[in-house]
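Taken in sequence, the protein lines are chains A and D.
Heads up: the first sequence begins at 271 in the working numbering, then just goes up one per residue.
Heads up: the second sequence begins at 158 in the working numbering, then just goes up one per residue.
Ideal placement from N, C-alpha and C gives every residue a C-beta, glycine not left out.
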Amino acid sequence: MLGACLGVWLIAPVPAAGRVQEYLYVANTLGGDISIVEIPAHRVVGTIPASVVGNDPDDVISSRNGDVLYVSRLDTKDVIAVSTATEQVLWRADVGGVPNHLTLSRDERFLYVPLYDKGLLAVVDTKSHQVVARPEVGKGAHGTLLGPSGKSVYVGMMEANQVAVVDAVRHDVRRIIPLPEGVRPFQVSADETTLYAQLSKLHGFVVVSLKTGRVIRTVELPTLGQTLPTPTLEKSHFVMNHGLRLAPDGKRLVANASLLGFVAIYSVPELELVSTIPVGREPNWVAFSRDGRFAYVSNRRDNTVSVISVADGKEAARVRVGEFPQRMTVARTRRPR
Amino acid sequence: MILSRRAAASALGTLALSGLVFAVWRFRRPRGQPVTPLADVPPGSALRTTLGESPIIVLNVGGEVRAFEATCTHEGCPLGWNAQQRLIRCPCHGGAYDVMGRVVEGPPPAPLPRLGAEVGGGMIYVARPPHE
């Protein structure tokens, strides 16, 4: 039986790869699959099915050369690596807690996985597929970001109201930056002097000096004449806005107004409001095309992605994807034909 | 033994009343709104649908139909069903509820509100508790 299976596996055709192209990969958490959107045509050209992904994918990021997707899965408390050439799982690693938003070390040897329910940062060796360190970072570990210098990993905590700065080599916590509330998506400037962070109940974002560790400015998003909903779940952490991204050139910051259904684009470093753009229901994440021309916004309550033309400040297209799309990544790769 | 006319009438009346009660019980329209055919939720499975505008989840647990609000008590995210784990799962922060709606994992602070669920004429009917 085993021999027969092995034989079938050995003679099974390997999918031929197509041409190199830029794609947007959209993790549909409820659907359990990943939609693949071609850039710049902005049409769905494929799906990595739930039979490959499944188990509530929370985040998807890509290797820098686009050959591998890393996916964190809430239900199975693991991460999987998926080949973009075959769209099959390469390996899987248990991380021992509920994994949230991922980031890679500069040399891609380590994958940093915040464990929401453990308050730890699991450091996964992408060669051995083992967790090699688990520094304690704080309750509700949620988002991660590799600082542009490559020396620090920033981890935002939803419940501990802080950002932990983890040494990317030694894998220990170097510094804790307290913030007024639960930390949601955040960004770090290219010179690593400034951190921009969305907070759970703030309709806007704060600007933090990484020199002093203090909030130096709070930017409130406009409401565009709408009334901000008030929390309805008594003990909920509740999130006003989720989705913040600096453009590749660092000159624009896109911030989602998740409960009001629009995105706001700010100039950087002035933080002047450049434009507001209506999108779908509950925008959750922002990703950029590699050239920075387009910002992609996942509208998780109506299963679409808004394509924003950054220069025009307009929605150029809206693409229907899978169920409950949240995190996204852009990769340039060769898909199977 | 000879029954008196009164006793016979009483017995007949009781029989007729029982039959009527049975017929009403058997053929009455269940309480609530029809949400899906029973055939769409075979034993061991679940189906996500809506009651009015609210997402709900209907489970068939070994032939017993149960229904719950399908909004996570943590941050209000819509819930899904993991068939392998037989758990109601939250796609936002990993919360999990069992087939009784109890929190078994993650940050949800409260169990899922249970709804009334009945089967009639091959359909599943779901109703909110009367106080709502």
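With a 10 Å radius around its C-beta and 16 neighbouring C-beta atoms as the bar for buried, classify residue i as buried or exposed.
i      : result
D:S161 : exposed
A:E335 : Per the sequence shown, residue 335 of chain A should be read as Asn rather than Glu. Burial call: exposed.
A:P384 : buried
A:Q496 : exposed
A:K505 : Caution is warranted here: a pLDDT of 40 is assigned to A:K505, below 50, making its placement in the model unreliable, and the coordinate value is therefore given only provisionally. A:K505 is exposed by the Cβ-count criterion.
D:A164 : exposed
A:E538 : In the sequence as presented, Glu is not what sits at residue 538 of chain A; that position holds Val. Classification for A:V538: buried.
D:P199 : exposed
A:M598 : buried
A:S559 : buried
D:A166 : exposed
A:L480 : buried
A:K388 : buried
A:S568 : buried
For residue i, which option in the options has the closest C-alpha, if you only look at C-alpha atoms?
i      : options                        : result
D:V218 : D:L195, D:A267, D:G263, D:G170 : D:L195
A:T346 : A:S353, A:S333, A:P327, A:G550 : A:P327
D:G220 : D:D255, D:E275, D:C249, D:A284 : D:E275
A:S545 : A:T463, A:V407, A:A403, A:I578 : A:I578
A:S332 : A:A355, A:N325, A:H441         : A:A355
D:E210 : D:T228, D:A203, D:G201, D:L216 : D:T228
A:A565 : A:A297, A:R289, A:I309         : A:I309
D:C247 : D:G258, D:P270, D:A267, D:P235 : D:P235
A:S419 : A:L374, A:L543, A:V485, A:L472 : A:L374
A:S305 : A:I318, A:K388, A:T299         : A:I318
A:K471 : A:E451, A:R588, A:E429, A:H441 : A:E451
A:G474 : A:F532, A:K521, A:H441         : A:F532
A:A320 : A:V307, A:D337, A:N298, A:I547 : A:N298
D:R271 : D:P265, D:A284, D:A240, D:G263 : D:A284
If you follow the beta strand (DSSP E) that residue i is in, where does it begin and where does it stop?
i      : result
D:Q190 : 190-194
A:Y382 : 380-385
A:K409 : No beta strand (DSSP E) holds A:K409; DSSP gives it neither H nor E.
A:G316 : 313-318
A:T546 : 543-548
A:S579 : 574-579
A:R515 : 514-516
A:Y436 : A quick correction: the sequence has Val, not Tyr, at residue 436 of chain A. Start and end: 432-437.
A:D395 : 390-395
Which residues does DSSP list as the beta-bridge partners of residue i?
i      : result
A:D329 : A:S342
D:G273 : D:A284
A:V453 : A:L469
A:F475 : A:V489
D:A165 : Paired residues: none, contrary to the question.
A:T522 : What sits at residue 522 of chain A in the sequence shown is Arg, not Thr. DSSP lists A:S537 as partners of A:R522.
A:D364 : A:D348
A:M428 : Note: A:M428 sits in no beta bridge, so no partner.
Does the ligand SAM have a heavy atom nearer than 8 Å to the CB of residue i?
i      : result
A:G302 : Only the bare structure without any ligand can be found here, which leaves the ligand SAM out of the picture.
**Item:** Selection of the stretch 329-352 of chain A by Cβ proximity to chain D, strictly under 9 Å
**Value:** Per Cβ criterion, the list reads L344, D345, T346, K347.
**Asked** Using a Cβ cut-off of 7 Å, which residues of the stretch 422-450 of chain A contact any Cβ in chain D, in chain order?
**Response** none
**Item:** Positions along the stretch 218-233 of chain D whose CB lies within less than 8 Å of some CB in chain A
**Value:** T230, H231, E232, G233
**Message:** Can you pull out the residues from the stretch 360-393 of chain A whose beta carbon lies closer than 8 Å to at least one beta carbon of chain D?
**Reply:** Hits within the stretch, in order: V368, N370, Y386, D387.
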